[in-house]
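Asks: For the sequence shown, my numbering begins at 517 and goes up steadily by one.
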Amino acid sequence: MRTTTELNTENLETNPIYGTKHLGKYHYNHANTSKIIETIQDKFGLEVISTSIVKPRKKEKLGYQKHLVTMSADFLKIDDQNKVTLIIENSHDCKSSLKFRLGIYRLVCANGLITGKTFLSKRIIHTTPNFYNEIETSINQLLNQTTKLKDLIKKGLNKDITKYQIKELMNKAIKQRYNLKDNEFQVDYRSYPFLREEDKNLNVYDQFNRIQEAVIRGGGKYLLFNKETEKWELKTIRRLKSIDKQVDLNQKLFNEFELLVA
């Protein structure tokens, strides 16, 4: 998956963000992502922070593949380091709906989080009547939740976390990433690296960010029990490339963050 911090206007014919065609169904409402971006810029004042594009396995799907666009604005700032984001997920292969979610962008690491089950997300089927009106309505509904999200993040920044709670969150992150049982792996407080000085802040939000970054971008370590040799082996977490898996894990971890903040 390729990730950039701005809209890439090179190779427009194979960039799905600018795609003007779709695979398959004639009654499918083609949602040109670049036009959706322009609409959001004009009506809501948001700008693009980053884009992520899946690398398709089959050459014939190039230009139609799934992609994410993250947008934000000054009025969505939480503080100097964090801001609420609107995340657009789209594809042109007639297999996925257009989706909108809220997230958080952490400036110090350019890390993106996605909200969990207690926050609204919108899914618009490409055959929906009044398709573009539904897009605008959905974004309004999501942006109405931003105050709630800002308050939650501020609460997480101001709430201390213990080393025991950090280890428990690490355990849950590894378990959810690899679908492991408790007796199959081990982690400790040092398992996830401190990549920057800000990662050492012992509050719920910054430690959640550190762990989320390590299990999605990779770099964290854990011990895995090898049943054949009956020995523990040190493993390094690899980058999670699938957009669907990234979104799913992000949301599950955010649910854990909310439980810690409560």
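Using N, Cα and C, we set each Cβ at its ideal position, and we do this for glycine too.
1) Does the beta-carbon of residue 842 have 16 or more other beta-carbons within 10 angstroms, so that it is buried, or is it exposed?
2) With DSSP as the reference, label residue 565 as helix, strand or coil.
3) In chain order, which continuous runs of the beta strand (DSSP E) of length 3 or greater are located wholly inside the stretch 707-744?
4) Report back the beta-carbon spacing between residue 759 and residue 629 to the nearest angstrom; my notes put them in contact at under 8 Å.
5) With 16 other CB atoms within 10 Å as the buried threshold, where does residue 651 fall?
6) From the DSSP secondary-structure annotation, give me the bridge partner or partners of residue 747.
7) How would you call residue 641, buried or exposed, if buried means at least 16 neighbouring beta carbons within 10 angstroms?
8) For the stretch 630-654, list the beta strand (DSSP E) runs that are entirely contained and at least 3 residues long, ordered along the chain.
9) With a cut-off of 8 Å on the beta carbons, I'd call residue 669 and residue 725 a contact; round off their distance for me.
10) What separation, rounded to the nearest whole angstrom, lies between the Cα atoms of residue 718 and residue 700?
11) Rank 604, 619 and 618 by C-alpha distance to the C-alpha of residue 612 and give the top, closest one.
12) Any idea if residue 580 is buried or exposed, counting beta-carbon neighbours within 10 angstroms, 16 or more meaning buried?
13) Whole angstroms are fine: how far does the CA of residue 569 sit from the CA of residue 690?
14) Starting from the C-beta of residue 687, find all residues in its chain whose C-beta is less than 7 Å away, skip the five residues before and the five after it, and write them out in chain order.
15) Quick one: Cα of residue 621 to Cα of residue 588, how far?
16) By Cβ distance below 6 Å, which residues in the same chain neighbour residue 720 in space, the five residues on each side in sequence not counted?
17) Measuring alpha carbon to alpha carbon, tell me which residue in 762, 549, 577 and 662 is nearest residue 627.
18) Just the Cα atoms here: how many angstroms apart are residue 757 and residue 560?
19) With a CB to CB cut of under 8 Å and the five nearest residues on each side skipped, what residues in its chain are close to residue 624?
20) Ends of the beta strand (DSSP E) at residue 578?
21) Using DSSP with H/G/I as helix, E/B as strand and the rest coil, what is residue 600?
Replies: Taking the structure as given:
1) Lying before the first or after the last residue shown, residue 842 is absent from the chain, which here runs from 517 to 778.
2) strand
3) 737-742
4) The pair is not a contact, with the Cβ atoms about 15 Å apart (cut-off 8 Å).
5) buried
6) BP columns for residue 747 point to 742.
7) The residue is exposed, with fewer than 16 neighbouring Cβ atoms inside 10 Å.
8) 638-640
9) With a Cβ gap of about 10 Å, residue 669 and residue 725 do not count as contacting.
10) 28 Å
11) 604
12) buried
13) 25 Å
14) 703
15) 9 Å
16) 672, 675, 677, 776 and 777
17) The candidate whose alpha carbon is nearest that of residue 627 is 762.
18) 30 Å
19) 597, 712 and 714
20) No beta strand (DSSP E) holds residue 578; DSSP gives it neither H nor E.
21) strand
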